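These notes are about the structure you will find just below.
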Amino acid sequence: MFDLLDKYRVNELHVRDDADSGLKAIIAIHNTRFGPALGGCRFISYDSTEAALLDAVRLARGMSYKAVLAGVEQGGGKSVILKPKGAYDAEKLFRTFGRFIESINGRYITAIDSGTSAREMDYIRRETNHVTSTSDEDNPSLYTARGVFEGIKAAVAYKLKRDLSGVKVAVQGVGNVGYLLCKFLYQAGARLIVTDIDSARIQRVKEEFNAEAASPADIYRTPCDVFAPCGLGGVINDKTLAHLHCAIVAGSANNQLGETRHGDALHQRGILYAPDYVINAGGLIYASLHHSGNKQLLIDDKTARIANTLTEIFTQSEQQRAPTSEIADQLAEMRLYQGLSEAA
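Residue numbers (our numbering): 1 to 344.
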């Protein structure tokens with residue numbers, strides 16, 4: 001376990017196993033140099049505790065990188081709750097989780113993620129104030145989708161030297177963020193090809209945005225300008241890379257690269273990759289700034305600046321002949337750790 005924490009430079013790991021509520025939760029805090037750790041609560045089924053732990057630490061590091069490159073005063077953290085196999089009382093489970101968060105004394109602030117919604121955040125709020133994305137706030141998915149849209153525009157302008165009109169975008173996953181992204185892309189004149197494991201979601205996007213449908217397996221093989229992963233992570237891997245027929249990979253999913261080397265593989269193939277934790281930072285920006293009482297204008301401004309950060313990364317990647325994923329990591333680590341060794 002400690003080797004894993006050292007690998008991802010995670011500072012703190014908190015675990016809670018509560019038999020009464022069925023809560024089995026992990027909170028990973030990667031870094032708090034610039035403020036309390038902020039990151040969503042993932043509530044899904046895992047094959048093992050080890051898989052849940054790996055998810056938590058990888059996502060926590062991604063949140064630190066995301067926060068520092070987005071310019072918000074937060075650290076990075078993530079929580080995962082292993083979904084019970086049997087029946088459970090959701091309110092009891094999430095209120096117990098809220099007390100778990102409260103016991104960390106403000107070092108971690110939670111938000112929605114895969115498997116959670118405003119309802120669960122409302123349960124958590126009854127036990128702690130260290131929570132965002134409740135029902136009295138905007139859905140952060142709107143800001144995530146807006147940031148991804150701005151990022152795709154920047155990537156298309158950089159790589160293809162054009163606007164989005166007529167650009168073919170293959171969207172993998174049309175849930176909350178994916179659906180809103182499709183809306184923005186459609187309004188900008190893009191052509192959409194979509195897939196999802198939920199056929200009703202596909203039908204909705206087909207009807208509303210004149211999208212074509214592809215099967216989950218075929219979406220990788222679909223010729224397109226932009227491949228936009230908007231579901232779970234790890235989709236750029238040894239199995240899928242050979243099938244990609246796109247100029248750009250840019251979407252909302254976290255941890256899109258199966259391994260670090262897959263960023264280099266994209267680079268070697270001439271595919272421009274928008275690093276996930278940069279392009280999908282809109283939700284974090286909203287959650288952070290809204291939680292700290294900032295005005296909407298600042299939220300909108302920082303979300304729009306995602307495009308500027310990506311263009312800087314694309315430019316450095318071209319100049320240094322290095323993968324965009326590597327450039328983004330270097331920028332994030334420089335800002336996170338600069339000056340610490342000298343001060344030690």
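For each residue, glycine too, the CB sits at the ideal point set by N, CA and C.
This structure is a prediction, so every number in the text was calculated from the model and none was measured.
Thinking just about the alpha-carbon of each residue, which of the options is nearest to the one in residue i?
| i | options | result |
| --- | --- | --- |
| A37 | E326, T315 and A287 | A287 |
| N31 | R16, D18, S64 and A52 | S64 |
| G263 | T324, A56 and C230 | T324 |
| E137 | Q296, P223 and A60 | Q296 |
| H291 | D198, N139, F2 and I29 | N139 |
| G270 | A304, S317, G76 and G75 | S317 |
| T134 | F149, I109, G147 and V148 | I109 |
| I405 | V174, E50, R107 and N105 | Examination of residue 405 is not possible in this model, given that the chain is present from 1 through 344 alone. |
| G77 | L310, D89 and A56 | A56 |
| A60 | E212, F314 and Q74 | Q74 |
| N210 | L272, D218 and C182 | C182 |
| L13 | A328, R58, H267 and V194 | R58 |
| Y277 | A265, L142 and L310 | L310 |
| A90 | S21, T144, I219 and G62 | S21 |
| R33 | L53, G39, D47 and N11 | N11 |
| A217 | K85, D300, L266 and T240 | T240 |
| L53 | T260, E259 and M1 | M1 |
| H267 | L298, G62, T222 and F314 | F314 |
| F227 | K206, N308, Y273 and G175 | Y273 |
| I202 | A118, Y143 and Y179 | Y179 |
| V131 | R146, E102 and Y143 | E102 |
| I104 | L93, R119 and N129 | N129 |
| G62 | P275, L4, L298 and G35 | P275 |
| I29 | V174, R9, T222 and V194 | R9 |
| D300 | D6, T144 and K92 | T144 |
| G106 | N294, G39, E212 and V194 | G39 |
| V261 | R204, T222 and A322 | Correcting the residue identity first, residue 261 is Arg in this sequence and not Val. Among R204, T222 and A322, the Cα nearest to that of R261 belongs to A322. |
| R221 | R204, I193, V205 and E207 | I193 |
| Y88 | S48, V72 and F43 | F43 |
| S48 | H243, N294, E208 and K85 | K85 |
| A19 | K7, K92 and D3 | K92 |
Output needed for residue i: all residues of its chain with C-beta closer than 6 Å, excluding positions within five of it in sequence on either side, in chain order.
| i | result |
| --- | --- |
| S45 | K83 |
| C224 | K168, A170 and C246 |
| L257 | I236 and G263 |
| P229 | Q172, V235, G251, A253 and Q256 |
| R335 | V68 |
| C41 | S79, T110, D113 and T116 |
| I27 | H14, S79 and Y108 |
| K66 | Y277, A281 and L284 |
| E312 | none |
| A332 | Y65, V68 and L69 |
| F94 | E120, Y123 and I124 |
| D329 | none |
| Q338 | none |
Keeping to the same chain, check which residues put their C-beta closer than 8 Å to that of residue i; ignore five residues upstream and five downstream.
| i | result |
| --- | --- |
| L164 | I152, K153, V156, L185, A188, G189 and A190 |
| L160 | V167, D225, A247 and I248 |
| F149 | L181, F184, L185 and A188 |
| A214 | A170, I193, V194, T195 and T222 |
Quick one: residues in its chain with C-beta nearer than 7 Å to the C-beta of residue i, no 5 flanking neighbours on either side, listed in chain order?
| i | result |
| --- | --- |
| A70 | A281, L284, I285 and K302 |
| R16 | L23, A25 and F100 |
| G233 | A253, N254, N255 and Q256 |
| S141 | N176, V177, L180 and G283 |
| E259 | none |
| S341 | Confidence in S341 is poor, its pLDDT being 45 and thus under 50, which makes the residue's placement too unreliable to answer from. |
So what does residue i bridge to, in DSSP terms?
| i | result |
| --- | --- |
| G39 | T110 |
| E333 | Answer is none; E333 lacks a bridge partner. |
| N31 | G76 |
| T222 | DSSP, once it has assigned bridges, lists no residue as partnering T222. |
| P229 | Q172 |
| L13 | A28 |
| I193 | A170 and E212 |
| D18 | L23 |
| Y273 | V249 |
| I236 | L257 |
Does the ligand SAM have even one heavy atom less than 6 Å from the beta-carbon of residue i?
| i | result |
| --- | --- |
| G234 | No copy of the ligand SAM appears in this structure; indeed no ligand is present at all. |
Hey, is residue i's beta-carbon within less than 7 Å of any beta-carbon in chain B?
| i | result |
| --- | --- |
| T134 | Absence of chain B from the displayed structure is noted, only one protein chain being present. |
**Report entry** Cβ contact check for the stretch 117–125 and the stretch 98–108: 3 or more pairs under 8 Å
**Finding:** The answer is yes - the stretch 98–108 touches the stretch 117–125, with three or more Cβ pairs under 8 Å.
Report task. Note down, one range per segment and in chain order, each alpha helix (DSSP H) of at least 4 residues found wholly within the stretch 114–182. Result -> As for any alpha helix (DSSP H) of minimum length 4 sitting wholly inside the stretch 114–182, the runs are 118–125 and 140–160, ordered along the chain.
Query - Start-end ranges of the alpha helix (DSSP H) lying completely within the stretch 45–92, minimum 4 residues - result: The stretch 45–92 is shown to contain whole alpha helix (DSSP H) runs of 4 or more residues at 49–70, in chain order.
Report task. Could you say if the stretch 300–307 and the stretch 196–209 meet the contact criterion of at least three C-beta pairs nearer than 8 Å? Result -> Because the criterion of three Cβ pairs below 8 Å is not met, the stretch 300–307 and the stretch 196–209 do not touch.
Report task. Report the residue ranges of all alpha helix (DSSP H) runs contained in full by the stretch 243–270; include only those spanning at least 4 residues, in chain order. Result -> Here the runs fully enclosed are 261–268.
Requested in this report: Output the residue ranges of the beta strand (DSSP E) runs that lie fully inside the stretch 287–311 and measure 3 residues or longer, sorted by chain position.
Outcome: List check, beta strand (DSSP E) in window: nothing returned.
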